[in-house]
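K.L.:
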Amino acid sequence: ATLQAELRKQQNNEMLRRQFAEKANAVGPWIERQLDAVTAIGMGLHGTLEDQLHRLKEYEQGVYAYKPHIEELEKIHQAV
Numbered sequence: 715a716t717l718q719a720e721l722r723k724q725q726n727n728e729m730l731r732r733q734f735a736e737k738a739n740a741v742g743p744w745i746e747r748q749l750d751a752v753t754a755i756g757m758g759l760h761g762t763l764e765d766q767l768h769r770l771k772e773y774e775q776g777v778y779a780y781k782p783h784i785e786e787l788e789k790i791h792q793a794v
């Protein structure tokens, strides 16, 4: 009985690890792209400061829209 319980626990942990890896493989590159884009806006000499602020606010909206994916990743991480 104890071995069966441990087996179930290990199988569940493996499932959670795979879910985390799958989600992280999607979320990680998205975060990198956002950081690159924000850096490009901040370092760019194109446009006025108002234009740059407008573009940053657009990225902020995108981040808020993507937040459920990041929260899901965190839930899986907590379960592991």
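The opening position of the sequence shown corresponds to residue 715 in the numbering used here, with each subsequent residue numbered one higher. By construction, the Cβ of each residue, glycine as well, lies at the ideal position given by its N, Cα and C atoms. Everything numeric in this text was worked out from a predicted model, so none of it was measured.
(1) DSSP three-state label for T762, please.
(2) Please classify V752: does DSSP put it in a helix, a strand, or coil?
(3) Report yes or no: do the stretch 724-740 and the stretch 780-789 share at least 3 C-beta pairs separated by less than 8 Å?
(4) Could you check what DSSP says for A715 in three-state terms: helix, strand or coil?
(5) Roughly how many angstroms separate the alpha carbons of Q733 and V741, rounded to a whole number?
(6) Could you check the C-alpha separation between T762 and E772 for me, to the nearest Å?
P.N.:
Reading it off the structure:
(1) In the structure shown, T762 adopts coil according to DSSP, grouped into three states.
(2) Helix at V752.
(3) Output reads yes: the stretch 780-789 touches the stretch 724-740.
(4) Reduced to three states, the DSSP call for A715 is coil.
(5) One C-alpha to the other measures close to 12 Å.
(6) C-alpha separation (whole angstroms): 16 Å.
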